[in-house]
Amino acid sequence: MSFASPVWLLALLAVPLLIALTVVRSRQRDRFAMRFPAAATLAAAAGAEAAWKRWVASALALAAIVALLFGAARPQRTVRVALQEASIMLVTDHSGSMAATDVAPTRLAAAQGAAKTFVDNLPDGVKIGVVAFSAAPDDVRPPSTDHGESRAAIARQTANGGTATGDALAAALGLLRPKAKVSTPAAIVLLSDGATTVGSDPEAVAAEAKRLHVPIYTVALGTEDATVPNPDPSGPPLPAVPDPVTMRRVAEISGARAFSAQDADHLGAIYKTLGSQLGSKAETRDVTVVPVLGGLALLLASGGLALRRRA
Amino acid sequence: MIAERPPLHPPAARQGPGALPRPMIEALDVVLTRHTARSQPGDRRAAGVGAGTELAQLRGYQVGDDVRHLDPAASARTGEPHVRLHVPERVQTTWVLLDVSASMAFGTAQRLKSDVAEGVAQVMGQLALRRTGALGIVRFGAPGPPRITPLRAGRPAFAALRHVLAEGVAPDGNEDASALGDACSALGRLAQQPALVVIISDFRSAADPASVLGPLRARHTVLCVEVYDPRELLVPDVGILSVVDPETGRTARVDTGSRRVRERFIALEAQRRAHLHDELRRLRVGHVALGTDEEWLLKLGRSLR
Chain A
164 MSFASPVWLL ALLAVPLLIA LTVVRSRQRD RFAMRFPAAA TLAAAAGAEA
214 AWKRWVASAL ALAAIVALLF GAARPQRTVR VALQEASIML VTDHSGSMAA
264 TDVAPTRLAA AQGAAKTFVD NLPDGVKIGV VAFSAAPDDV RPPSTDHGES
314 RAAIARQTAN GGTATGDALA AALGLLRPKA KVSTPAAIVL LSDGATTVGS
364 DPEAVAAEAK RLHVPIYTVA LGTEDATVPN PDPSGPPLPA VPDPVTMRRV
414 AEISGARAFS AQDADHLGAI YKTLGSQLGS KAETRDVTVV PVLGGLALLL
464 ASGGLALRRR A
Chain B
344 MIAERPPLHP PAARQGPGAL PRPMIEALDV VLTRHTARSQ PGDRRAAGVG
394 AGTELAQLRG YQVGDDVRHL DPAASARTGE PHVRLHVPER VQTTWVLLDV
444 SASMAFGTAQ RLKSDVAEGV AQVMGQLALR RTGALGIVRF GAPGPPRITP
494 LRAGRPAFAA LRHVLAEGVA PDGNEDASAL GDACSALGRL AQQPALVVII
544 SDFRSAADPA SVLGPLRARH TVLCVEVYDP RELLVPDVGI LSVVDPETGR
594 TARVDTGSRR VRERFIALEA QRRAHLHDEL RRLRVGHVAL GTDEEWLLKL
644 GRSLR
């Protein structure tokens with residue numbers, strides 16, 4: 164809630180003054196009473212009227228003044244309006260370490276569920292694309308309004324291979340900005356669990372993304388002491404350590420936020436937030452009409468009450 | 344004793360009783376005479392000083408006694424001259440019980456209630472002192488015991504009446520619910536002869552008229568003159584009104600703009616007066632209601648007829 168002309172709010176200081184004046188005048192009126200032998204009968208005829216009832220009309224009028232002053236200050240409300248033109252690339256990692264079970268049921272299953280939640284939370288007009296990668300980007304879907312295709316692409320992944328984060332990001336960037344001049348709202352959401360093993364440096368790609376106005380939101384998944392079973396049955400379990408530092412650097416360079424998720428629920432929540440943030444933008448709306456109408460209604464009520472007591 | 348009786352004073356807005364035209368008083372005389380005929384035997388028109396019919400005593404003749412009072416029967420029996428002495432009885436005794444409480448100093452029409460009361464007392468006094476009657480006044484409603492002006496006849500009675508009426512009413516702030524009862528019981532002890540008792544009051548105190556007037560009515564003829572003000576019966580729409588009772592000092596702040604309040608006030612007052620009238624009618628005492636906005640003398644005459 165913000166105000167377009169907040170100087171009017173200073174007039175609210177006069178309201179306690181009005182209250183004090185009313186009370187003082189009412190006390191003054193009580194100082195002079197008329198000699199009346201039938202005063203006891205008159206008191207009995209009036210009955211026990213609750214003291215607060217006398218003040219209802221004045222209180223309503225005061226509330227009307229306050230409401231109209233708020234209206235004069237022109238309050239404004241911030242709403243999130245759905246973007247119709249955005250394009251978002253989901254870049255998901257399905258390397259071998261995603262088979263670890265530190266995130267229930269496996270990191271990959273949790274990531275798929277979260278990504279599905281993300282897609283569901285986006286408005287229909289937003290274009291979604293998917294880049295699934297392990298040692299190289301495979302299963303690339305360009306941004307389109309057909310969310311079903313993206314969901315299918317996400318569900319198809321299996322966990323195997325290395326991690327080529329930089330290459331995947333470059334591919335996603337290329338799909339979002341086919342020509343240098345295009346500047347529709349766009350974002351990349353990167354979900355990965357491990358450090359880059361092959362391919363180009365993700366930080367360089369992040370700098371390029373910043374130049375093209377594409378924020379890269381990163382979600383680092385997994386706990387530190389997770390392991391995956393060794394394909395060689397006689398060997399020890401392989402470590403599957405996430406790399407949150409690189410992810411944070413990538414997000415900061417490209418001008419976005421970094422998240423880290425330790426479990427599936429957290430992951431789901433992050434994606435939900437991202438979904439609503441990326442798919443909408445903040446807009447201020449003028450809500451002056453609300454306090455003005457309210458003030459008028461209160462004025463009418465107060466006037467009606469005051470007139471009714473004269474009847 | 345004298346220190347506990349605060350002085351009475353004439354109310355600030357005193358208007359006076361208005362004109363008292365002689366023909367109307369004459370007409371009222373006739374009416375009143377007929378009204379009181381039932382309580383006292385004998386001819387109203389008897390004149391003369393000291394020649395009543397009630398025997399006071401029979402005693403031996405002393406030098407100086409009027410020889411016309413010699414009693415033949417007693418003198419023959421005893422052999423010595425005896426005289427018969429009679430009670431010097433007045434023909435008509437009137438007692439006026441006047442309410443001088445603070446609530447009487449109120450009026451919103453032509454005059455105050457105390458002005459109407461003063462006029463009625465004046466008229467009753469003049470009529471009482473005709474044909475050598477006697478007049479006594481009891482003032483109640485002021486703090487302290489009732490102030491009694493004993494029976495007088497002739498010119499001293501007129502002077503006493505004028506003096507009493509000029510004193511005025513009690514100051515505000517004193518409430519005495521039993522004032523009427525005290526006055527009636529004091530009068531009951533004092534007045535042995537059957538008399539005409541005129542009670543001039545607004546009858547607003549809480550006393551039940553039946554209990555105080557019953558003993559009085561048994562011996563005397565009682566006439567209740569109720570003085571009211573039209574604003575005590577209905578209250579106009581003047582918005583929020585702060586009122587204070589002159590006797591009890593109780594304040595109230597009332598919204599007279601509400602029709603419900605006005606109608607309820609009318610109902611309560613009508614109920615109170617109806618109860619009073621019923622009680623007075625049941626006791627079979629005479630009752631007249633005089634308002635401050637009408638010709639009270641005319642109404643008094645018409646009501647008594």
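Residue numbers (the working numbering), protein chains in the order written: chain A, 164 to 474; chain B, 344 to 648.
Idealized CB from N, CA, C, for every residue including glycine.
Since this is a predicted model, take the numbers as computed values, not measurements.
Which of helix, strand or coil DSSP assigns to residue 435/B = In this structure, residue 435/B counts as coil in the three-state DSSP scheme.
inquiry  = Tell me which residues share the same chain as residue 531/B and place their Cβ nearer than 7 Å to its Cβ, disregarding the 5 neighbours each side in the sequence.
reply    = 558 and 559
key: Residue environment, residue 480/B, which counts as buried when at least 16 other CB atoms sit within 10 Å   = buried
request  = Given a cut-off of 8 Å, decide if residue 320/A and residue 271/A are closer than it, judged by their beta-carbon atoms.
outcome  = yes
query = For residue 454/A, which of helix, strand or coil comes out of DSSP?
reply = helix
query = Quick one: does residue 588/B have its CB under 8 Å from some CB of chain A?
reply = yes
Within chain A, the residues that residue 520/B reaches when beta carbons sit closer than 7 Å = Residues of chain A with a Cβ closer than 7 Å to the Cβ of residue 520/B do not exist; the shortest Cβ-Cβ separation is about 12 Å.
Contact set for residue 500/B: own chain, Cβ-Cβ below 6 Å, skip 5 residues either direction = The beta carbon of residue 500/B sits closer than 6 Å to the beta carbons of 472 and 478 from its chain, once the five residues preceding and following it are set aside; these are given in chain order.
task = Decide if residue 422/B is buried, meaning its Cβ has at least 16 other Cβ atoms within 10 Å, or exposed.
result = exposed
Simplified DSSP state of residue 359/B, which is helix, strand or coil = Residue 359/B: coil per DSSP, three-state reduction.
inquiry  = Using the Cβ count rule (16 or more neighbours within 10 Å means buried), how would you classify residue 454/B?
reply    = buried
Within 7 Å of chain A by C-beta, residues of the segment 605 to 629 of chain B in sequence order = 607, 608, 611 and 612
key: Range covered by the alpha helix (DSSP H) that runs through residue 180/A   = In this chain, the alpha helix (DSSP H) harbouring residue 180/A covers 177 to 193.
key: Beta-carbon proximity of residue 566/B to residue 629/B, cut-off 8 Å   = Yes, Cβ-Cβ distance for residue 566/B and residue 629/B is below 8 Å.
inquiry  = Between residue 456/A and chain B, is the shortest Cβ-Cβ distance under 8 Å, so that the two count as touching?
reply    = no
task = Give a yes or no on whether the minimum CB-CB distance between residue 351/B and chain A is below 8 Å.
result = no
query = Span of the beta strand (DSSP E) holding residue 512/B?
reply = Counting along the chain, residue 512/B falls outside any beta strand (DSSP E), and DSSP gives it neither H nor E.
key: chain A residues whose Cβ lies nearer than 8 Å to that of residue 449/B   = 198, 199 and 200
ask   = Opposite residue 569/B in the DSSP bridges: which residues?
value = DSSP, once it has assigned bridges, lists 544/B and 632/B as partnering residue 569/B.
query = If the cut is a Cβ gap below 7 Å, which residues of chain B does residue 193/A touch?
reply = 585 and 596
task = Would you be able to state if there are at least three C-beta pairs under 8 Å between the segment 410 to 425 of chain A and the segment 195 to 206 of chain A?
result = no
message = Taking CB distances under 8 Å as the criterion, tell me whether residue 465/A reaches chain B.
response = no
task = Spatial neighbours of residue 294/A within its chain, please: CB distance less than 7 Å, with the 5 preceding and 5 following residues excluded, ordered by chain position.
result = Short of 7 Å from the beta carbon of residue 294/A, and not among the five residues preceding or following it, lie these beta carbons of its own chain, in chain order: 252, 254, 300, 303, 331, 334 and 335.
query = At which residues does the beta strand (DSSP E) containing residue 255/A begin and terminate?
reply = 250 to 256
query = If you check the beta carbons only, do residue 383/A and residue 355/A fall under 8 Å apart?
reply = For residue 383/A and residue 355/A, yes; Cβs fall inside 8 Å.
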